[in-house]
Amino acid sequence: MKKWISPSLLAITFVLSAIGHYANWDHTLQFVLSAIAVVFVAGFLGRATESVAHYAGQRLGGFLNATFGNAAELIIAFFLVREGLYDMVKASLTGSIIGNLLLVLGLSIFAGGLKYKVQNFNVTLAGLNGSLMIVGVIALFVPAVFLNTHSITELETDTLSLVVAGVLIISYLAWLGFSMITHKKYLDDVTEDKEEELPNEHAPSWSKGKSILYLILATVMVAFVSEWLVGTLESLTERFGLSELFVGAFLVAIIGNAAEHSAAILLAMKNKIGAAVEIAVGSSLQIALFVAPVLIFASYFTGNTMDIVFTTIELVAIGVAVFIAKSITQDGATNWYEGLLLLAVYIILGVSFFLV
Amino acid sequence: MKKWISPSLLAITFVLSAIGHYANWDHTLQFVLSAIAVVFVAGFLGRATESVAHYAGQRLGGFLNATFGNAAELIIAFFLVREGLYDMVKASLTGSIIGNLLLVLGLSIFAGGLKYKVQNFNVTLAGLNGSLMIVGVIALFVPAVFLNTHSITELETDTLSLVVAGVLIISYLAWLGFSMITHKKYLDDVTEDKEEELPNEHAPSWSKGKSILYLILATVMVAFVSEWLVGTLESLTERFGLSELFVGAFLVAIIGNAAEHSAAILLAMKNKIGAAVEIAVGSSLQIALFVAPVLIFASYFTGNTMDIVFTTIELVAIGVAVFIAKSITQDGATNWYEGLLLLAVYIILGVSFFLV
Amino acid sequence: MKKWISPSLLAITFVLSAIGHYANWDHTLQFVLSAIAVVFVAGFLGRATESVAHYAGQRLGGFLNATFGNAAELIIAFFLVREGLYDMVKASLTGSIIGNLLLVLGLSIFAGGLKYKVQNFNVTLAGLNGSLMIVGVIALFVPAVFLNTHSITELETDTLSLVVAGVLIISYLAWLGFSMITHKKYLDDVTEDKEEELPNEHAPSWSKGKSILYLILATVMVAFVSEWLVGTLESLTERFGLSELFVGAFLVAIIGNAAEHSAAILLAMKNKIGAAVEIAVGSSLQIALFVAPVLIFASYFTGNTMDIVFTTIELVAIGVAVFIAKSITQDGATNWYEGLLLLAVYIILGVSFFLV
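Chains A, B and C supply the protein sequences, listed in that same order. One point on numbering: in UniProt numbering, the residue at position 199 of the first sequence is 199, and numbering is uninterrupted. One point on numbering: in UniProt numbering, the residue at position 110 of the second sequence is 110, and numbering is uninterrupted. One point on numbering: in UniProt numbering, the residue at position 164 of the third sequence is 164, and numbering is uninterrupted.
Have a look at this one:
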């Protein structure tokens, strides 16, 4: 499997895609080129993540991957915020959360489950992840309810948004302290490694330093290619008459999360389901508890604060995704059928968004 | 206890009830006769299920019982669909789901709990059942929210309904494959059987073939008697001025689920709580994930598609029933108080429906 | 730590506060005096509870504390009901429920978690508490939905309220029978006591009889001081222009629950997290399942029944608090971060209520 990630093919597809973008070739051609490049770049990223995870442990590796994976989204969202396109920002944040919780997690659990009957990960971590997800939903849900049932001034809405955003950022930073420092061991992966790690085919081909370097490089490449791909999407989707909500919440999110997708699925298929869950769930938590609040503060400095009030449909989509993901992960064990259930919910939401 | 299910009494009450129905006797008399017949027929079904469960294991026995129990409802619903009475179909589906999750499950856990301090069943199965229930709620909830917040054409509503129905049917068939084939052992009952099955009083009095034959026969009889009873209800309830919603969701559902009621309670009192849960929860899952979607497709072929949009009250009732049932079953252990809580929620819903 | 609860200081602050109240001194002075008195009285109560818990076990001790703690609220609420101030009653009930589930529980878990890496309590009890909380939410939620979607007469609303109240009271009394009689041992605390109880510094300084006497005395003192404090609040808050909803749901609730606060936090810091959870969760359950229904019946006898229909915001606040508290307690293990999450949700709700 690793053979096809040839360095030369990786470089060629990336460069071709770059030329297509900057020379402004036909959008359909650009789309095809960058789509091919995404496959190779994501594969590269997956391999780098796996290598780093080997040195750093599944959880830190997963966290690094989730963070690097979200870097692209944060950058894109910053540009959208500067242009005041708040609805599109919220749609893509929503899409990113449900894409990670349903599509990435679903495919990982499903693919891993086809190879391994049952896959286990730290059940305490699963419970904490669930609680964090619920806090994220509450933080989005409560302001929306208050706004819909009471007449609140714009100033009060902004104040509420900033306070909630601040609470979320503090919660997220405290979570990093908790999970990386005070309770690191407590949340460690289930050690199925002992039986697994024996054959030396599993030894990574890169050194520790090289692995980290490649992880950063691959993430940057993914960020670029994702943006080029997203750039072509709008004109393409106009041609096919798709709604903005569907494009923002599904197409952009799927492509923007290509890194998480490939890395998580590859890890799950190597029975490292703990790292796969960390990528998928960790990435969605990072978006809800860190990326979204940071964007609200960033918008505040542009003089036109983005409020934290999502639309009813977005709230329902996030709430629904959190409930089923929490229900499926909370016992710390997964199987193919649970992956299929997550995908079923993703399809139901996707068709609903498509038809609106 | 088994003594009173005398074959002759069974036959006499059944035949009397049949004559009353086809000769169109006075409705009150018909009601009394078929109500008495239901008691005997349901007792017969309970005994046959228990016997099959002895040969097939608690879970397959429970599944068979749930399926045969729902056959009656499916047949009745088909007739209602053919006549376009979609509101009544939805009310009776709702009633069947909450009746199984609250009344059947509640009485089983309560009755079993009075005899045994704590009853255990497979905790993994409990978790999966919970996730399936949540998917069922999501599938009903999401289309309703989209319809209430956006202007959607009838054609789009029908498309959404059919897609969601298709996703649910695939999920249900995959569930059968998962629970009966790929992960059969994984979901096996807690083996309290060892201590239990020793005395030969527990040996079934029927052979394997006879048990299956009797199971089918008893189910068919239940289906007939239930229909006769339901037939008399409408005129009776008109006399007492009850609302259609209450009749559809409570009276019809209670009587239509007589088979599940008696079988599940008897099994719970013999400490086979795993089979009782399988009947109650399995039956409600079958209705939400299979019976309802099949009815939608069936209605499609009549040229007037039944949409999947339930009323707010029905959604709340189903959602509430799923949450409390999930919370109570998720640890794989039950006691009398948990049964009482389920019944408390059933009473709250029943009084609310009655007063509307 | 025990040194500062000197009997003489306790008596002096209490008497000063009493004089200030009955001599009707300046409200700001009254407020300061009774606030200081609350600190000493609550400390006294915490010590008495701890002593009783030593003799009675953590759970019975926790129950006693919760009951004595709620006695104050029940008395205050009775006066409000007699004056027909139903909105304020509901706001303070709401505040009391979320205050216990988020603030008391959050501070206890956080403080205990700073001293002990992980604190454990009976996981079965945690699950049952969760189910009881959900029944409480359902009982408040269902009538509100029915009232908002259907035209129901006032008489029907009253009937529904009384029936639901009756179901709740029966459920609560059955819960006492279950947890104190039929399944007492089953719900016993995790016995970390063996290692803990060895040093005789933990031996209580009071006899069993004296402990109970002091518990009652301290509770009565808390009730008085709380009321004096609440009495000064209204004029103070008017001066600062706060909304009644915020005052009722936050200020009154925080002060009215001072007893639970101090007792629960002190117990958690002594690694008796089981008793702390029992106080916080048990107190909120008692309010939802017993105090609120009793008030409805009490109002019925005044000829003007208080209905069980809470406002949307109150329902959302209670629902949100229950979901996060259930998610955090359900594994029977707590750490500082989980306490912080509860406090984060409390802050989000507090700011929202403040801004309305």
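Glycine included, each C-beta is placed from N, C-alpha and C at the ideal position.
My output table needs one value for residue i: the three-state DSSP class, helix, strand or coil.
i: ASN304 (chain B); result: coil
i: THR334 (chain B); result: strand
i: ASN70 (chain B); result: helix
i: ASN100 (chain B); result: helix
i: GLN257 (chain B); result: According to the sequence provided, residue 257 (chain B) is Asn. The question's Gln does not apply to it. Here ASN257 (chain B) sits in coil by DSSP.
i: ASN120 (chain A); result: strand
i: LEU85 (chain A); result: coil
i: ALA23 (chain C); result: coil
i: LYS272 (chain B); result: coil
i: SER108 (chain C); result: helix
i: ASP158 (chain A); result: helix
i: residue 357 (chain B); result: Here chain B has residues from 1 to 356 only, and residue 357 (chain B) is not among them.
i: LYS184 (chain C); result: coil
i: LEU16 (chain B); result: helix
i: GLY57 (chain A); result: coil
i: GLY166 (chain B); result: helix
i: GLU349 (chain C); result: Residue 349 (chain C) is actually Leu in this sequence, not Glu. Looking at LEU349 (chain C) - three-state DSSP - the assignment turns out to be helix.
i: ILE152 (chain A); result: coil
Who are the Cβ neighbours of residue i in its own chain at under 7 Å, not counting the five residues just before and after it?
i: ILE212 (chain C); result: VAL52
i: ALA292 (chain B); result: LEU93
i: VAL351 (chain C); result: none
i: GLY95 (chain A); result: GLY248, ALA249, PHE250, VAL252, ALA253
i: LEU315 (chain B); result: LEU140, PHE141, ALA144
i: LEU9 (chain C); result: PHE40
i: SER179 (chain C); result: LEU187
i: ASP307 (chain A); result: THR157, ASP158, SER161
Here's a check: name, in chain order, each residue in its chain whose Cβ is nearer than 6 Å to the Cβ of residue i, leaving out the five neighbours to either side.
i: SER284 (chain C); result: ILE97, ASN100, LEU101
i: VAL345 (chain B); result: LEU102, ILE324
i: THR237 (chain A); result: VAL247
i: VAL41 (chain C); result: MET221, VAL222, VAL225
i: ALA66 (chain A); result: ILE279, GLY282, SER283, GLN286
i: PHE68 (chain C); result: THR219
Can a CB atom of chain E be found closer than 9 Å to the CB of residue i?
i: PRO143 (chain A); result: Judged by its chain identifiers, the structure shown contains no chain E, and its protein chains are A, B and C.
What does the alpha-carbon distance come out to for the pair residue i and residue j?
i: ILE254 (chain A); j: PHE290 (chain B); result: 30 Å
i: SER17 (chain C); j: LEU29 (chain C); result: 9 Å
i: ASP331 (chain C); j: VAL225 (chain B); result: 46 Å
i: ILE347 (chain B); j: TYR300 (chain C); result: 21 Å
i: THR159 (chain C); j: SER235 (chain B); result: 27 Å
i: LEU176 (chain C); j: ALA317 (chain B); result: 27 Å
i: LYS3 (chain B); j: SER262 (chain B); result: Confidence at LYS3 (chain B) is low in this model, with a pLDDT of 45, below 50, so the placement of that residue is unreliable and no value is reported for it.
i: ASP193 (chain B); j: ASN271 (chain B); result: Annotation note: pLDDT 47 at ASP193 (chain B) (below 50); position unreliable, coordinate value reported separately. For ASP193 (chain B) and ASN271 (chain B), the distance between alpha carbons rounds to 9 Å.
i: ILE12 (chain A); j: GLY20 (chain A); result: 12 Å
i: ALA333 (chain A); j: LEU132 (chain B); result: 16 Å
i: HIS27 (chain A); j: VAL81 (chain A); result: 25 Å
i: ILE273 (chain B); j: ALA264 (chain B); result: 8 Å
i: ALA111 (chain A); j: MET269 (chain A); result: 6 Å
i: GLU50 (chain A); j: TYR337 (chain C); result: 29 Å
i: LEU64 (chain B); j: GLY43 (chain B); result: 16 Å
i: LEU85 (chain C); j: THR311 (chain C); result: 15 Å
i: LEU343 (chain B); j: LEU349 (chain B); result: 10 Å
i: LEU128 (chain A); j: TYR172 (chain A); result: 12 Å
Enumerate in chain order the residues of its own chain whose CB-to-CB distance from residue i is below 8 Å, with the five nearest sequence positions on each side excluded.
i: VAL356 (chain B); result: SER243, LEU245, PHE246, ILE313
i: VAL38 (chain A); result: VAL222, VAL225, SER226, LEU229, ILE255, ALA258
i: SER34 (chain B); result: SER17, GLY20, HIS21, VAL225, TRP228, LEU229, THR232
i: LEU341 (chain C); result: GLY106, ILE324, ILE328
i: LEU114 (chain B); result: TRP336
Practice task
Determine which residues of the UniProt domain "Sodium/calcium exchanger membrane region" (28-180) of chain C have a Cβ less than 8 Å from any Cβ of chain A, and write them out in chain order.
Solution key: Under the 8 Å Cβ criterion, the UniProt domain "Sodium/calcium exchanger membrane region" (28-180) of chain C contributes LYS117, VAL118.
Problem - Interface residues of the region 337-348 of chain A facing chain B [CB-CB below 8 Å] - result: Only TYR337, GLU338, LEU340, LEU341, ALA344, VAL345, ILE347, ILE348 from the region 337-348 of chain A bring a Cβ to less than 8 Å from some Cβ of chain B.
Handout entry: Members of the region 251-281 of chain B that neighbour chain A once the beta carbon cut-off is set at 9 Å
Key = If the cut-off is 9 Å between Cβ atoms, the region 251-281 of chain B has nothing near chain A.
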